[in-house]
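For the sequence shown, the positions run -26 to -1, 1 to 98 when mature numbering (1 follows the signal peptide of the UniProt record, and there is no 0) is used. Just so it is clear, CB atoms sit at the ideal spot from N, CA and C, and this is done for glycine as well.
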Amino acid sequence: MTGSAMKPLSFSLLAALWLSSGHALAEDLLKPSTAAPAVDDVLPGDGLEAATTHLAHGVIRELDRHQGSVTIAHEAIPELKWPAMVMPFKASAAQLQGLGVGDAVEFRFTDGEMDPQIVSIRRR
């Protein structure tokens, strides 16, 4: 056999061997080969996993579990150049469980655009 006749034959043999060896077909290559990574304890869609958080102390003035809001009279927060003030924060009902008006708290929050969100909160 000549060299030019060997090329198609060699390619055909290699292709047949490859397909018969159990290698994946093209559509199988699009399927994920591993399971999805485990989800952390962060709630879906809250986006808190990458946000910078700030630590603060204060006293709960209002609490609305249904609206997901807590108003806190907090101490000054120097890293944000915020004076002591009373302001609302978004929070989940689960985060507010066991807390009440008048409770002194320590909390971590993210400072979103006009939308500060509680990340963690506990009674002091």
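Hey, how far is the Cα of aspartate 14 from the Cα of alanine 25?
Because the pLDDT of aspartate 14 is 47, which lies under 50, any placement of that residue in the model is unreliable, and the number read from its coordinates should be weighed accordingly. CA-to-CA, the gap between aspartate 14 and alanine 25 works out to about 15 Å.
How many angstroms separate the CA atom of leucine 22 from the CA atom of aspartate 89?
With a pLDDT of only 48 at leucine 22, under the threshold of 50, the placement of this residue in the model should not be trusted; the figure read from the coordinates follows. One C-alpha to the other measures close to 13 Å.
Integer Cβ distance of glycine 86 from alanine 65, believed to fall under 8 Å:
Not confirmed; about 13 Å, so no contact.
Neighbour flag for leucine 73 against chain C, beta carbons, 7 Å:
Going by chain labels, chain C is absent from the structure shown, which holds only one protein chain.
Excluding the 5 residues preceding and the 5 following threonine 27 in the sequence, name in chain order all residues of the same chain whose CB lies nearer than 7 Å to its CB.
Around threonine 27: Arg82, Phe83, Thr84, Val93.
Quick one: is glycine 32 buried, meaning 16 or more other Cβ sit within 10 Å of its Cβ, or exposed?
So glycine 32 ends up on the buried side.
To which residues of the same chain is leucine 54 closer than 7 Å at the C-beta, ignoring the five residues directly before and after it?
Closer than 7 Å at the Cβ level, and outside the excluded window around leucine 54, lie His28, Asp85.
Identified DSSP bridge partners for glutamine 91:
According to DSSP, which records beta bridges pairwise, glutamine 91 is partnered with Lys64, Thr84.
Can you round the beta-carbon distance between arginine 98 and alanine 68 to whole angstroms, since I take them to be within the 8 Å contact cut?
About 19 Å separates the two Cβ atoms, so there is no contact after all.
If you follow the beta strand (DSSP E) that threonine 27 is part of, which residue opens it and which one closes it?
Where threonine 27 is concerned, the enclosing beta strand (DSSP E) stretches over 27 to 38.
Phenylalanine 63 versus valine 44: straight-line alpha-carbon distance, rounded:
Straight across, the Cα-Cα distance linking phenylalanine 63 with valine 44 is about 5 Å.
To the nearest angstrom, how far is it from the Cα of glycine 72 to the Cα of histidine 40?
Those two C-alpha atoms are separated by around 14 Å.
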